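Each remark here refers to the structure printed beneath this line.
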Amino acid sequence: MSIDAAHNPPTAFLVQGLTKDYGSGDTAVHALRDVSLEFFEGELVVLLGPSGSGKSTFLNILGGLDSPTSGTVRFHDQDITALDAGELTRYRREFVGFIFQFYNLIPSLTARENVS
Numbered sequence: 002m003s004i005d006a007a008h009n010p011p012t013a014f015l016v017q018g019l020t021k022d023y024g025s026g027d028t029a030v031h032a033l034r035d036v037s038l039e040f041f042e043g044e045l046v047v048l049l050g051p052s053g054s055g056k057s058t059f060l061n062i063l064g065g066l067d068s069p070t071s072g073t074v075r076f077h078d079q080d081i082t083a084l085d086a087g088e089l090t091r092y093r094r095e096f097v098g099f100i101f102q103f104y105n106l107i108p109s110l111t112a113r114e115n116v117s
């Protein structure tokens, strides 16, 4: 690795103008409004905020589980907001790992039964 590469790591995620609205009109909920961020490879990022501030919505969009109302998310120069269903499946399979806060396992089922 060159000295320059160590000081300027590649961009992992580039988020531009990310907005997510649920509903419409007077009942619309604006979960994200015009969020623009850049995350670099090897960088540790922490999202903090009160309940309902958009953290999960943001991560769901970066993980390809949800789509934004507007804006773009680029992962290593690939616009994941423009991917079709098959491409999103490949993106999630190859690059994304989620541990859900509430995973809703059924206690009476075996691990295999819960997974299926």
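Counting from 1, position 98 in the sequence shown corresponds to residue 99 in the numbering used here; the numbering is continuous, with no gaps. Backbone N, C-alpha and C fix where the C-beta goes; we use that ideal spot for every residue, glycine too. Since we're looking at a predicted model, the values are computed, not measured.
query: Using C-beta distances below 6 Å, list every residue in its chain close to Lys-56, excluding the 5 sequence neighbours before and after it, in chain order.; result: Leu-48 and Gly-50
query: For Val-46, count neighbouring Cβ atoms within 10 angstroms of its own Cβ and tell me buried if that reaches 16, exposed if not.; result: exposed
query: Looking only at C-alpha atoms, which of Ile-81, Thr-20 and Asn-105 sits nearest to Phe-96?; result: Ile-81
query: Are the segment 16-36 and the segment 61-74 touching, with three or more C-beta to C-beta distances below 8 Å?; result: yes
query: Using DSSP's beta-bridge definition, name the partner residues of His-31.; result: Asp-22
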